[in-house]
Amino acid sequence: MRHNRILNAWLWACLVCAAWYGLGSQGLAVDEPPVRVGVYQNKPGVFVDTNGEVRGFYIDILKHIAQNEGWRLQFIPGTWDENLTRLEHGDIDLLTAIAYTEERDKIFDFTKQTVFSNWGQIYTFEKNVDSVLWLKDRLIAGVKGDIYTAGIEKLLQAFDFSYDMIHANSYEDVLSRVEEGDADAGIIPRSTGMVIEHSYEVFKTPIVCCAVEIRYAVKDGTNALLIATLDRHLKALKIDESSLYYTAFNQWFGGVKRTLFPTWLRWALGVGVGMVVLLFTGNLVLRRQVKARTRELEKEISVRKQAESALREAMHNLRTIQVAPGVIWMQIPEAGLYILCGCPGEVVKHLMHRGLIQSTGRDGMTWETGPNVILLSDLLIQNGGFANLAEFPVLQMLYRQGMILPKHPNNTGVKPMLIGRESQVRAQMQYIQRGNYGLLCKEELLAEGLTPAMADLMMKIKLKFAFGAIREPSQIVDSLYVDADPVAIRNGVSVARIALNTYRFFYRDRFADVDLNLPAGITYAPPYPLGQHNIARHHNFAVLHTGQGDGWDRNRPSMSSVILFHGRIYLIDAGPGVLQVLTAIGIDISEVDGIFHTHAHDDHFAGLPALIRTDRRMAYFAAPMVRASVAKKFSALMSLDEHQFHHFFAVRDLVSEQWNDCDGLMVKPVHSPHPVENTMFLFKAGEGDEEKTYAHWADLSGFKVLDGMVGTKENDIPATVVEQIKQTYLGFANLKKLDIGGGMIHGMAEDFRSDPSDRLILAHLDRKLTPAEMEIGSEAAFGAVDVLIPGEKNLMSSRAFGFLKALFPNVDHQEIHQLVQAPMVHYNPGTIIHRAQDTYDYLEMVLSGTVAYLEAKNDVVNHLSIGSFLGGIDFLGLKSEDSWTLRSISDCMVIQLSHANMLAFLERNNLKQDFVEGMKKIRFLRKTWLFGEATTSFTLDRIARSLSPIPMEPGQTCPIHERHTLWLVNEGRIVLKDDQGRDVEEVGIGGVFGEHNFLNPGMHGCHASAVEPCTLFHLTDNGLMDIPIVHWKMLELYHKRWSFNQQ
321 MRHNRILNAW LWACLVCAAW YGLGSQGLAV DEPPVRVGVY QNKPGVFVDT
371 NGEVRGFYID ILKHIAQNEG WRLQFIPGTW DENLTRLEHG DIDLLTAIAY
421 TEERDKIFDF TKQTVFSNWG QIYTFEKNVD SVLWLKDRLI AGVKGDIYTA
471 GIEKLLQAFD FSYDMIHANS YEDVLSRVEE GDADAGIIPR STGMVIEHSY
521 EVFKTPIVCC AVEIRYAVKD GTNALLIATL DRHLKALKID ESSLYYTAFN
571 QWFGGVKRTL FPTWLRWALG VGVGMVVLLF TGNLVLRRQV KARTRELEKE
621 ISVRKQAESA LREAMHNLRT IQVAPGVIWM QIPEAGLYIL CGCPGEVVKH
671 LMHRGLIQST GRDGMTWETG PNVILLSDLL IQNGGFANLA EFPVLQMLYR
721 QGMILPKHPN NTGVKPMLIG RESQVRAQMQ YIQRGNYGLL CKEELLAEGL
771 TPAMADLMMK IKLKFAFGAI REPSQIVDSL YVDADPVAIR NGVSVARIAL
821 NTYRFFYRDR FADVDLNLPA GITYAPPYPL GQHNIARHHN FAVLHTGQGD
871 GWDRNRPSMS SVILFHGRIY LIDAGPGVLQ VLTAIGIDIS EVDGIFHTHA
921 HDDHFAGLPA LIRTDRRMAY FAAPMVRASV AKKFSALMSL DEHQFHHFFA
971 VRDLVSEQWN DCDGLMVKPV HSPHPVENTM FLFKAGEGDE EKTYAHWADL
1021 SGFKVLDGMV GTKENDIPAT VVEQIKQTYL GFANLKKLDI GGGMIHGMAE
1071 DFRSDPSDRL ILAHLDRKLT PAEMEIGSEA AFGAVDVLIP GEKNLMSSRA
1121 FGFLKALFPN VDHQEIHQLV QAPMVHYNPG TIIHRAQDTY DYLEMVLSGT
1171 VAYLEAKNDV VNHLSIGSFL GGIDFLGLKS EDSWTLRSIS DCMVIQLSHA
1221 NMLAFLERNN LKQDFVEGMK KIRFLRKTWL FGEATTSFTL DRIARSLSPI
1271 PMEPGQTCPI HERHTLWLVN EGRIVLKDDQ GRDVEEVGIG GVFGEHNFLN
1321 PGMHGCHASA VEPCTLFHLT DNGLMDIPIV HWKMLELYHK RWSFNQQ
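Using our numbering, read the sequence shown as starting at 321 and increasing by one per residue.
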């Protein structure tokens, strides 16, 4: 102890000597240029008092360091905004009390040492305001350019709140405006509020935001020695608990004030009282200061924790928003994470409608907000539709948010991230790569019949769009595999899978769950209403306009058309909402004969699953390279072999640059440069003077973009090739629909100002036409029809004849012709056509449009295809015990076959008994999930002939492994068990099992056990996989029931 006292005495002596030395040093430095320090009114941190003296916590520290270093300080007062500009221009050397942000770090150099932690505090003119919700539609005051002003605006934008902001010159001015009623609320630093709030009649609220670190800063790349010296002193001051840092903190922020002892007094006391008394007094004062400072720090920590808690509440961390069926928004603003949970087609448009994607900007630049992480569904297919289509959400992050754009504020090195089940994440990464580039190499092009010279040219064009290189998806998108154990995403947020398609997100000491399962009967919803339309189908050659927008147009479907040709219906491309589009125009998917496909981008591709929802393979027309690009993307998405594409579609390759006869319709695919393989289509019908053409020009490249590819270098495009493309673009057609989306990969309207075509339709954009564009081309409303060659044929009678002939192939033509001489009846959308308990004297058959079969008590909602019988058949002695309803979904047409004529027809041809037995089984099949939707009566009749009943008693088990065999539950309940004897699923009436026998015949050990007395139907039919909708549904069922369970 005696040794310590002697040491303390020596330390006091050294401090006195250092002080005198410091004063001498300061005197020697007067000839050095001064350090120009920007100061503004931010009491108690920094301010100019009424006497003109610059004071405050940060000033005390700066003066202390200047004294030790021999600096001469020159204080330059001004507003905050003025000082920020001065620092940026180099008009001052140092700025005090500036909050650190990543954006500011790009233009300023900050001290590494934090001087103080602070946050924004909201003050209001009303009392008892306790929620950020109160700020909606309010007028808010803040200092211009201030971190807290920007922070509260960002917070309100995250909530999609409207507000008005007025800018003040100082924090005192902010509170003055609130007090005088010029503003509803104001935001200032909480440290400033502690000092000045008592001078104004305003109310402090618990609403806080934007916790920040306060530091010193210099202009980027200047005064490195100044910053290093400040850091060295700050570090030393913060380590020493008795330093000026802590005494100044206590003095300015409400703690115990320092007791200042003049140097002459300390020496006098030392001489008069002696060294021992001096040490005793110093230690006593030091202990009192330490205790006082400890109390203040504990209070400060408590206040800070409360404010941080309030801030997290206000930021709504782990908040979820139901965007649409199967789509949930999860936000953790404090961690900078905005997670899109579920990404079916056109999900970006849903986010725009909900205000979760908005336009914003700064310093003359504009960009969009939006998600930065995507959680994928465990199941690729839900209720028939693709659940995971991440191409456009990822494109929105990369380009419209700016995460990949050079020198963009959002290009911070953080990439979009896909999270979820490993199989789905891997599939999406490959699908995104195919969506970006299509075919990846010359060899893949050669495999589709291109000559080596043409393949080289195609690769040169592809690389021009790809900026010289085809990149792996991992170079632009991060991935994270999620299973039962929590894994870290970013910034303290983690996630775990807790059940099929159900995830739990963790942040700090809280969690929130997300369920991506679609309820039975619910499908992914379109983001726009389309209305209902009654479209005439009898034209010899007409174009029905079904899409004028693009993948970003939240109010319209993407560019597409329907060709009506002598009663046949062909689609051009299949956007994400193609099924809803067809329903709106009164066309059932079973009426569509084929699709002409331009290319594989999602706004033209994502509707392909809807085209599978029929009982026959739809014709698929495309150039071989386009078909290959689409098939590879489809197989990557589905994790299937590429050749499976041919199981779902009847592929018909077209020869490029030549006329192809497609069932009488002449079609010429024409290459158009695009990042993926792409052909436009020219259609021709009629003969001689009646010959008409329609050009569907999607997608295009602007002439300026094409000209930029021309050159003489090895990877450039010859000028002759580009000139030929332009001439093709400008070729004549009676009707031409143009992609004028602009940018690097779409066309420009101005390029077609001299186009000689009779009529131009402008499409593929997410905005209204400009006056200049209106001079060039027309618009087409959804459902509008351009008739090129009219027709008057009665298509519905011919269609009815065809259906009945398929059902009764051995009956004489004349018999069927007589039967179809019956009334045709039109039903508007939403009409109840039949109920089970009603009686009618006719049987109806659907000829066009969509009708739903409903059994609410059994959760049955199945859409019937054209050719399906409607109504009861009690006239044949077959009573119905079910309670069903038939309701029109779209505009539809039916033929009414009278009971008397139908009964006479069946009896004359000895068909009554077979028809009755078949209808019994068809009626059962109509109620099943697997066979009840979009299958015609003649397809169901074929399946019904293979059904064999099997009775089972409670507890009875049976193996379920038999090649090409299914079991259907007619009565009772069955429980499925896996090879470990664990329950997998309980299957009730109308349920089916055995799908693995078609998709994974090697799976063994599973069995079914009867829960109660039941009856099964045994079905062996190796042709089931040739029915696209049955094949598709079995894939969905297998993955949901077995694939996930096994993994």
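Glycine included, C-beta positions come from ideal geometry on N, C-alpha and C.
Three or more Cβ pairs drawn from the stretch 677-689 and the stretch 725-737 lie within less than 8 Å of each other, which places the two stretches in contact. Phe1189 sits away from Ser1118, with the two beta carbons spaced by 9 Å or more. Using a 10 angstroms sphere on the CB of Ser1210, the tally of other CB atoms reaches 16 or more, which defines it as buried. Within the same chain, Met1239 come within 6 Å of Ile1193 by CB-CB distance, once the 5 residues on both sides are set aside.
Excluding its 5 nearest sequence neighbours in each direction, Val975 has C-beta neighbours in its own chain below 8 Å: Ala943, Pro989, listed in chain order. Boundaries of the beta strand (DSSP E) around Gln651: 647-652.
Per DSSP, Asn1320 lies in no beta strand (DSSP E) and is assigned neither H nor E.
Taking the C-beta atoms as reference points, Ile379 is found no nearer than 9 Å to Val355.
When Leu1167, Pro713, Asp1179 are compared, the shortest CA-CA separation from Gly1187 is found for Leu1167. Going by C-alpha positions, Leu699 is about 35 Å away from Phe481. Approximately 29 Å separates the beta-carbon atoms of Ile1270 and Leu1174; this is outside 8 Å, ruling out the contact.
A distance of 9 Å or more separates the beta carbons of His966 and Val946. Around the beta carbon of Ile648, 16 or more other beta carbons lie within 10 angstroms, which makes this residue buried. Inter-residue distance for Arg1207 and Glu1227 is about 30 Å (C-alpha atoms, whole angstroms). Beta-bridge pairing by DSSP links Asn980 to Val987. For Glu1043, the three-state secondary structure derived from DSSP is helix. Going by C-alpha positions, Phe1318 is about 43 Å away from Gln1141. Taken atom to atom, the span from the alpha-carbon of Pro993 to that of Phe968 is near 28 Å.
Distance from the CA atom of Ile739 to the CA atom of Val1350, rounded to whole angstroms, is 30 Å. Contact between the stretch 1092-1107 and the stretch 1056-1073 is present: 3 or more CB-CB pairs across the two stretches fall below 8 Å.
In the structure shown, Asp835 adopts extended strand secondary structure according to DSSP, grouped into three states.
Glu1273 and Pro1333 have their alpha carbons spaced roughly 5 Å apart. Assignment of Gln748 by DSSP, reduced to helix, strand and coil, places it in the helix class. Annotation: the continuous alpha helix (DSSP H) that includes Phe712 extends over 711-715. Tyr890 carries a strand assignment under DSSP once its states are collapsed to helix, strand and coil. One alpha carbon belongs to Ile641, the other to Thr1248, and they sit about 34 Å apart.
Secondary structure of Val1304 (DSSP, three-state): strand.
For Lys1177, the secondary structure class from DSSP, reduced to helix, strand or coil, is helix.
Within the same chain, Gln852, Ser1208, Ile1209, Ser1210, Asp1211 come within 7 Å of Pro1149 by CB-CB distance, once the 5 residues on both sides are set aside. In terms of Cβ geometry, Asn703 and Ala894 do not form a close pair [threshold 9 Å]. Under the DSSP assignment, Tyr565 falls in the alpha helix (DSSP H) whose first and last residues are 564-572. Our two residues, Glu1305 and Val802, have alpha carbons roughly 24 Å apart in a direct line. With respect to the 9 Å criterion, Leu1082 and Ile1109 are not classified as neighbours on the basis of their beta carbons.
With respect to the 9 Å criterion, Arg458 and Tyr483 are classified as neighbours on the basis of their beta carbons. Going by DSSP, Phe1195 is part of no beta strand (DSSP E) at all; its letter is neither H nor E.
Sequence-distant Cβ neighbours of Gly646 in its own chain, meaning closer than 7 Å and more than five residues away, are Gly662, Pro664, Gln702, Ala707, Leu836, Leu838, Tyr844.
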